[in-house]
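Engineer: What the sequence shown shows, in my numbering, is residues 133 to 307, in sequence order. Glycine included, every Cβ here is placed at the ideal spot set by N, Cα and C. Computed from a predicted model, the values in this text were never measured in an experiment. I'd like to ask some things about the structure below.
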Amino acid sequence: MSGPTSPRLVAIVARARNGVIGVDNDLPWRLSSDLKRFKALTMGKPMIMGRRTWDSIGRPLPGREIVVLTRDPTFRAEGAHVAATPGEALATARRLAALTDATEIVIAGGGDIFRAFLPETETIEITEVALDCDGDAHFPALDPAEWEETCCERPERGPRDEADFHYVTLRRRRP
Ligand SMILES: NC(=O)c1ccc[n+]([C@@H]2O[C@H](COP(=O)([O-])OP(=O)(O)OC[C@H]3O[C@@H](n4cnc5c(N)ncnc54)[C@H](OP(=O)(O)O)[C@@H]3O)[C@@H](O)[C@H]2O)c1
């Protein structure tokens with residue numbers, strides 16, 4: 133689905149030690165620092181997200197065009213684009229990226245969408261949350277042979293962060 137001049141697909145996720153990313157269509161934690169980082173990493177880039185994640189956010193995000201994936205042909209998302217298949221979502225996101233010269237498309241989750249785009253994803257920005265939580269949405273298991281850690285950052289935990297966490301960047305290994 134991608135060509136040499138296509139914007140790269142970057143998945144951005146916060147996951148617990150046991151792979152949980154969501155519960156009852158919400159995040160299992162409150163990490164103010166991570167939300168700020170998410171904003172900085174996504175600003176100006178088209179984003180693809182699942183309908184359930186869109187519902188959980190409940191509004192457009194300033195400075196970012198959102199493509200919502202749903203199988204419901206009647207679904208409308210005020211202030212966002214709607215796509216019926218991953219291929220259609222990618223085509224829309226690429227068109228939006230071309231309009232603004234964005235070099236990355238953000239895969240914003242949740243679990244279904246991370247899984248659907250994983251084969252095309254080149255970079256994963258992970259917030260590793262130091263919790264084991266109950267949940268009903270998970271990040272897919274990664275094959276370490278396919279991914280190389282290129283960056284790790286351990287920021288200070290802020291007063292509005294409910295858990296310890298650190299940031300890891302994974303890049304797909306080239307054969
Ligand atoms: N921690 C994180 O970084 C992070 C990031 C994002 C989300 N989350 C959490 O993850 C949870 C949501 O994830 P989720 O896996 O339940 O749902 P999701 O991936 O956000 O959305 C799933 C929905 O997307 C649509 N969809 C999925 N695959 C499709 C396909 N191939 N073609 C067309 N439409 C498709 C379907 O919508 P329809 O049912 O409308 O057909 C499906 O029900 C929430 O708890 C959220 O807070 C966490």
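Going by the CB atoms, is the gap between residue 198 and residue 175 shorter than 7 angstroms?
Structural biologist: Reading the sequence shown from its first residue, position 43 is the one you call residue 175. Reading the sequence shown from its first residue, position 66 is the one you call residue 198. Going by C-beta atoms, residue 175 is not nearer than 7 angstroms to residue 198.
Engineer: Out of 194, 209, 262 and 306, point me to the one whose CA is closest to residue 277's CA.
Structural biologist: Residue mapping note: residue 277 aligns to position 145 of the sequence shown, counting from 1. Residue 306 is the option with its Cα nearest to residue 277.
Engineer: Between residue 256 and residue 177, how many whole angstroms is the CB-CB distance? I'm expecting something under 8 angstroms.
Structural biologist: Counting from one through the sequence shown, the residue named residue 256 turns up at place 124. Counting from one through the sequence shown, the residue named residue 177 turns up at place 45. About 15 angstroms; that fails the 8 angstroms criterion.
Engineer: Should residue 275 and residue 149 be called a contact, given that it needs their Cβ atoms to be closer than 7 angstroms?
Structural biologist: By 1-based counting over the sequence shown, the position of residue 275 is 143. By 1-based counting over the sequence shown, the position of residue 149 is 17. Cβ atoms of residue 275 and residue 149: not closer than 7 angstroms.
Engineer: Report whether the distance from the Cβ of residue 164 to the nearest heavy atom of ligand 1 is below 6 angstroms.
Structural biologist: For the purposes of this step, residue 164 is identified with residue 32 of the sequence shown, where counting begins at 1. Checking the Cβ of residue 164 against ligand 1 gives no.
Engineer: Heavy atom of ligand 1 less than 6 angstroms from the Cβ of residue 199, yes or no?
Structural biologist: To locate residue 199, count along the sequence shown from 1; it is residue 67. Answer for residue 199: no, Cβ out of range of ligand 1.
Engineer: Excluding five sequence neighbours on each side, which residues of the same chain lie with their C-beta closer than 6 angstroms to the C-beta of residue 224?
Structural biologist: Position 92 of the sequence shown, counting from 1, holds the residue named residue 224. Excluding sequence neighbours, residue 224 sits near 199, 213 and 215.
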